[in-house]
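Undergrad:
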Amino acid sequence: MSQAAAAAACLVLGLGLISGAVTGRWLSGEEGSPSTFAAAGSLWHSVPVDRLFPPTVEGRGAGPGGADRTWTRIAVAPDSGCKDAFDPLLSKVLAPVGCERLLRATYTDATQSYVTTVGLLFTTADAPGMTSLANRFRKERLDRRDDLMPLPYAAEGTAAAGFGAKQRASWTVSVLTEAPVVVYAVSGWADGRTVDEPQPAEDAMRSGATTAPAQGGLGNEAQGLADRVERGLRKNVRSAAEQPS
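Take 886 as the starting number for the sequence shown in my numbering and just add one per residue.
1) On the DSSP bridge list, what partners appear for Gly944?
2) Starting from the C-beta of Leu928, find all residues in its chain whose C-beta is less than 6 Å away, skip the five residues before and the five after it, and write them out in chain order.
3) Which complete beta strand (DSSP E) runs does the stretch 1024 to 1111 hold, if anything under 3 residues is left out?
4) For Arg958 and Arg989, I'd like the C-alpha separation in whole angstroms.
5) Hey, out of Pro940, Ala947 and Ser918, whose CA is closest to Ala1086's CA?
6) Below 9 Å between beta carbons: does that hold for Thr1079 and Tyr1038?
7) If you draw a straight line from the C-alpha of Leu974 to the C-alpha of Thr1016, how long is it?
8) For Thr1009 and Glu1025, which I take to be in contact (beta-carbon distance under 8 Å), what is that distance rounded to the nearest angstrom?
9) Just to confirm my understanding: we take Tyr1069, look at its own chain, exclude 5 residues before and 5 after, and list those with CB closer than 8 Å. What are they?
10) Where Gly909 and Arg1119 are concerned, what is the direct C-alpha to C-alpha distance, given to the nearest angstrom?
11) Rounding to the nearest angstrom, what Cα-Cα distance links Leu1018 and Arg1029 in this structure?
12) On the DSSP bridge assignment, give the partners of Gly1004 in chain order.
13) So, is Ser965 buried or exposed, given that buried needs 16 or more other C-beta atoms within 10 angstroms?
14) If you pair each beta-carbon of the stretch 940 to 956 with each one of the stretch 974 to 983, do three or more pairs fall below 8 Å?
15) What distance in whole Å lies between the Cβ atoms of Pro1065 and Ala925, which are believed to be in contact at a cut-off of 8 Å?
16) List the residues that DSSP assigns as beta-bridge partners of Ser965.
17) Under DSSP, the alpha helix (DSSP H) around Thr921 begins and ends at which residues?
18) To the nearest whole angstrom, what separates the beta carbons of Val1000 and Gly950, a pair I think is in contact under 8 Å?
19) For Gln1100 and Ala1094, what's the separation of their Cα atoms in angstroms?
20) Give the straight-line distance between the Cα atoms of Gly1102 and Ala952, rounded to the nearest whole angstrom.
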């Protein structure tokens, strides 16, 4: 084979590998194509709420020690903008990516001992904007600061009626780079008890952690539910991106 032909063959093979890698990264949650990014940004008005926040979410192995979890949705907030939806400091941190729509739902576990609000913030940012915010969260470890916890959604007449800012026990925030979406969850006890020292889900889930949120499994509640809602979001994005234009 001539050098020119060999170079051409390598180029074709390389492009194929790159294309496959991009698809693989979207499926694994690392990166998406422009079409999937655009599709993700429109899901808030094109996908039924039951597909974004299912009435029941199964969490196989999501509890402490690998125990299974089942969460039942008890409230869905009206889709809205972000005014007064976050504490002022978190609003300031999220401001660079904008706010297209905010969707939230609150769940309780099978024993109705815990309540967890999970949110999907659809931003107005492009891919570089989301990457910039994700990098800032990672470098400055913003997802671990208790002054940047998301607010819960408390609904009257439900187990989450007393789930306010002082009841927040554990939380997680994930800034996606392959979609204009920030996924978060915040958990607490259903009896309305206040929490003096909330703990990031990552820390609360560590073996040997002895804080009240860790002992209560609140980190697992927040992280487990957020993970599964995020997985559902990815499935919906893939489905939307595959639809003919």
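All C-beta atoms in this analysis are idealised placements derived from N, C-alpha and C, irrespective of residue type, glycine included. Note that the structure is a prediction, hence the values are computed from the model and not measured.
TA: According to the data block:
1) Arg954
2) Asn1121
3) 1055 to 1060 and 1066 to 1074
4) 11 Å
5) Ala947
6) no
7) 20 Å
8) With 8 Å as the limit, Thr1009 and Glu1025 do not qualify as a contact, their Cβ atoms being about 22 Å apart.
9) Val1003, Gly1004, Leu1006, Pro1035, Trp1056, Thr1057, Val1058, Ser1059 and Ala1111
10) Note that Gly909 scores 33 on pLDDT, short of 50, meaning its location in the model is unreliable; the coordinates nonetheless yield the value given after this. Approximately 13 Å, taken between the alpha carbons.
11) 15 Å
12) Arg989 and Tyr1069
13) exposed
14) no
15) 6 Å
16) Leu987
17) Pro919 to Gly926
18) Actually they do not touch by this definition, with Cβ atoms about 21 Å apart.
19) 7 Å
20) 11 Å
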